[in-house]
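The opening position of the sequence shown corresponds to residue 16 in our numbering, with each subsequent residue numbered one higher. Don't be surprised by glycine CBs; every beta carbon is placed ideally from N, CA and C. Okay, structure first, notes after.
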Amino acid sequence: MRAAVLTAFAVMIPAMISCKPATSTKVASETQSAQSTSIQIQLDVKQPEKSMGILSGGSDNLAFTVGYGKYGIACEDSAFSEGLTPVGTFRVNAILGVDRFDMDPALIKKSGKSKDYLKANLFSNMNSIDFKGDGEVGEYGDGYISLEPVSTTPQPFSFNDYAGTFRWYSFAIHGTNNDQRVGQKVTGGCLNVAQKDLETLMKTIKLGDEVTITANGPCQKS
Numbered sequence: 016m017r018a019a020v021l022t023a024f025a026v027m028i029p030a031m032i033s034c035k036p037a038t039s040t041k042v043a044s045e046t047q048s049a050q051s052t053s054i055q056i057q058l059d060v061k062q063p064e065k066s067m068g069i070l071s072g073g074s075d076n077l078a079f080t081v082g083y084g085k086y087g088i089a090c091e092d093s094a095f096s097e098g099l100t101p102v103g104t105f106r107v108n109a110i111l112g113v114d115r116f117d118m119d120p121a122l123i124k125k126s127g128k129s130k131d132y133l134k135a136n137l138f139s140n141m142n143s144i145d146f147k148g149d150g151e152v153g154e155y156g157d158g159y160i161s162l163e164p165v166s167t168t169p170q171p172f173s174f175n176d177y178a179g180t181f182r183w184y185s186f187a188i189h190g191t192n193n194d195q196r197v198g199q200k201v202t203g204g205c206l207n208v209a210q211k212d213l214e215t216l217m218k219t220i221k222l223g224d225e226v227t228i229t230a231n232g233p234c235q236k237s
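What follows is the structure, encoded as structure tokens:
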């Protein structure tokens with residue numbers, strides 16, 4: 016089943032991963048190290064389980080399944096809204112995890128906290144929140160890759176307190192505490208990925224990397 020999905024995705028987006036032959040091992044290595052990694056994601060509005068992402072440009076190319084917003088797709092240039100996953104072009108502005116902390120210096124300043132405080136506390140704070148009030152935590156899995164739209168549309172993203180817990184609120188690619196949720200329309204608007212795929216993303220993605228999200232069906236303006 017997964018092989019069939021990957022084949023279909025490759026047909027839809029044939030140029031995502033370049034297969035140009037290298038003139039030498041050294042040149043290929045230097046070219047690859049100079050490249051930025053990027054992610055292209057296509058959401059399937061009729062069959063969410065076929066929603067796929069491609070990580071390319073780094074040392075690890077990866078095809079992976081994603082889950083998305085329970086209310087569907089938001090059009091490009093929309094303000095982020097609960098339950099809707101926006102399409103468009105985004106850049107990574109923070110990478111938060113159990114073993115990694117990278118954040119745009121402008122965001123660190125915006126937080127009003129020191130970098131050391133954020134590194135020690137922010138992700139664990141965020142992952143401790145019981146969003147549904149059912150006693151279940153860890154909804155970001157082991158990592159959270161924050162995405163900033165290239166569009167200048169004002170967004171509600173901010174540092175704030177949720178139920179008394181300091182957090183960074185944004186659109187993101189993140190893990191999950193239940194891999195069965197991946198490939199479904201169940202999230203609050205973010206994209207979720209399985210733990211094994213998140214591990215590769217977390218060690219490969221860098222600040223400023225580009226993420227492009229498209230969908231094969233209608234979107235909602237929010």
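Close CB contacts of residue 122 within its chain, under the 7 Å cut and outside five residues either way in sequence, are with 108, 109 (chain order). Judged by their CB atoms, residue 207 and residue 153 are not nearer to each other than the 8 Å cut-off. Less than 8 Å separates the beta-carbon of residue 87 from that of residue 235.
Between residue 204 and residue 84, the gap from beta carbon to beta carbon is short of 8 Å. Within the same chain, and ignoring the five residues on either side of residue 64 in sequence, the residues whose Cβ sits closer than 6 Å to its Cβ are 198.
Between the stretch 222-237 and the stretch 130-137, the count of C-beta pairs closer than 8 Å stays below three; the two stretches do not touch. Shortest Cα-Cα distance from residue 143 to any of 98, 181, 229, 169 involves 181.
Taking all protein chains in view, the Cβ of residue 179 is surrounded by fewer than 16 other Cβ atoms within 10 Å, so the residue is classified as exposed. Nearest neighbour of residue 115 by Cα position, chosen from 231, 229, 214, 228, turns out to be 214. Of the residues assessed, residue 113 falls on the exposed side of the cut-off, its CB having fewer than 16 other CB atoms within 10 angstroms. Residue nearest to residue 163 within the set 188, 211, 148 is 188 (criterion: CA-CA distance). Within the same chain, and ignoring the five residues on either side of residue 54 in sequence, the residues whose Cβ sits closer than 6 Å to its Cβ are 68, 70, 226. Annotated as distal: residue 60 and residue 175, with beta-carbon spacing of 8 Å or more.
A distance of 8 Å or more separates the beta carbons of residue 171 and residue 105. Cβ atoms of residue 161 and residue 185 come within 8 Å of each other, at about 5 Å. Counting of Cβ neighbours within 10 angstroms places residue 101 among the buried residues, the total reaching 16 or more. Exposure of residue 127 is indicated by the presence of fewer than 16 other C-beta atoms within 10 angstroms of its C-beta.
For residue 77, same chain residues with a beta-carbon under 6 Å away, outside a window of 5 residues either side, are 70, 215 in chain order.
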